[in-house]
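Residue numbering for the sequence shown follows numbering that gives the first Met the number 0, starting at 0 and increasing by one per position. Beta carbons: idealized from backbone N, C-alpha and C, even for Gly. Only one structure is covered here, and it is reproduced in the block below.
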Amino acid sequence: MGKFKTTAITRVANISKQDFVDNYFRPQKPIVMTGLTKDWPAYDKWNLDYIRDRAGDQVVPLYDSEPTKGRQNSAVPVTEMKLYDYLELLKKQPTDLRIFFYNILDKMPELLDDFEFPDIGLKFFKRLPAMFFGGAGSQVLAHYDMDLADLIHFHFHGTKRVTLFSPGQSKYLYRVPFSVHNLETIDMANPDFEKYPALRNVEALQATLNHGDAIFMPSGYWHYIQYLDAGFSITLRALPTKPRTLMKTAYNVIFMRNFENLMRRSIGQKWIDYKDRLTVRKTERNLVSRVGS
Ligand SMILES: O=C(O)CCC(=O)C(=O)O
């Protein structure tokens, strides 16, 4: 077992638009911004009870961090529950059950009155303000977003640890082909350097987010997230505009995702096992050529 080389992400209070654009957005550098939400109604109002009181009879799909198996699509929930009951569960005890990508606009539009798309130089895609919930101790497998959007992720209620890896780290992370995640057998909290030697080269960036903090996750950045307490977050996204990145987004969303789902449905576990073997071979081949060069 080992620990990644880790650098703390810079925290800036009350950042100006110019500072954000020049020093973080253009160079695609992560940053934690505090104070960005302090004038939002959400800053004072949002907690688990506030969301629970608006849950009505909604039923939500829930995910855990177990690897996907067999013919499952990687986005298949493990169970579903009334949102009200799920939020009560979060308050009561640790659980690895999470809500992933709850579209506020479709599911609880009244929350739109509680926050703003901040004026910091990003052109947000307002159709997809997404919410995420997790229990104390839950984690989100390391992945990057396949639309390659620039993301601002705001956290509420408890604390969470966010570990980021730049796109350049993909070659050491055992990225699985036709996907945006790495080998699901890797425990990112306690990486096994004997079994996965390329992980020794990984350089991580890390931050702990408290209520109201925001983190900028540039396009293509990997994120591995640990909920230290029960809590929830929203992610606001700005879609890519550069033609090269847009082409990659289109490939990921239109071809890669559908191809992967087709292969899983038709070949199932054999496809997953084949890709896992290929991932190890490819990553370790890169490592040898890097050492040799
Ligand atoms: O915090 C979470 O639960 C997941 C966040 C995430 O993956 C995202 O914003 O893209």
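Within the region 206-264, the complete beta strand (DSSP E) segments of 3 residues or longer fall at 213-216, 221-226, 230-237, listed in chain order.
Put simply, of 158, 242, 123 the residue whose alpha carbon is nearest the alpha carbon of residue 207 is 158.
151 is the residue among 242, 143, 140, 151 whose C-alpha sits nearest the C-alpha of residue 123. Inter-residue distance for residue 217 and residue 44 is about 28 Å (C-alpha atoms, whole angstroms). When distances are taken from the beta-carbon of residue 131 to the heavy atoms of ligand 1, the shortest one is below 7 Å. In this structure, residue 256 lies away from residue 205, with their beta-carbon atoms at least 8 Å apart.
Cβ atoms of residue 147 and residue 219 come within 8 Å of each other, at about 5 Å.
Taking the C-beta atoms as reference points, residue 66 is found no nearer than 8 Å to residue 79.
Under the DSSP assignment, residue 97 falls in the beta strand (DSSP E) whose first and last residues are 97-102.
Membership of residue 48 in the alpha helix (DSSP H) is indicated by the continuous run 47-51.
Of the residues 267, 195, 237, the one whose Cα lies closest to the Cα of residue 118 is 237.
Excluding its 5 nearest sequence neighbours in each direction, residue 134 has C-beta neighbours in its own chain below 8 Å: 88, 89, 92, 93, 94, 95, 96, 97, 226, 229, listed in chain order. Within the model, the alpha-carbon separation for residue 239 versus residue 23 is close to 16 Å.
In terms of CA proximity to residue 101, 231 leads the group 231, 26, 196.
Here residue 151 carries a strand assignment [DSSP, helix/strand/coil]. Remark: the C-beta of residue 144 is in contact range of ligand 1, defined as less than 7 Å to any heavy atom.
Beyond the five residues adjoining it in sequence on each side, residue 21 comes within less than 7 Å, by CB distance, of no other residue in the same chain.
Here residue 4 is bridged, per DSSP, to 202. Membership of residue 81 in the beta strand (DSSP E) is indicated by the continuous run 78-81. Taking all protein chains shown into account, residue 181 has 16 or more neighbouring C-beta atoms within 10 Å of its C-beta and is therefore buried. For residue 284, the three-state secondary structure derived from DSSP is helix. The Cβ-Cβ distance between residue 278 and residue 126 does not fall below 8 Å. Per the DSSP secondary-structure output, residue 162 pairs in a beta bridge with 205, 223. Counting along the chain, residue 138 sits inside no alpha helix (DSSP H); it lies in the beta strand (DSSP E) bounded by residues 138-142. Assignment of beta-bridge partners to residue 133 by DSSP yields 97, 230.
DSSP, read as helix, strand or coil, puts residue 174 in strand. Residue 254 counts as exposed, since fewer than 16 other C-beta atoms from the protein chains shown sit within 10 angstroms of its C-beta.
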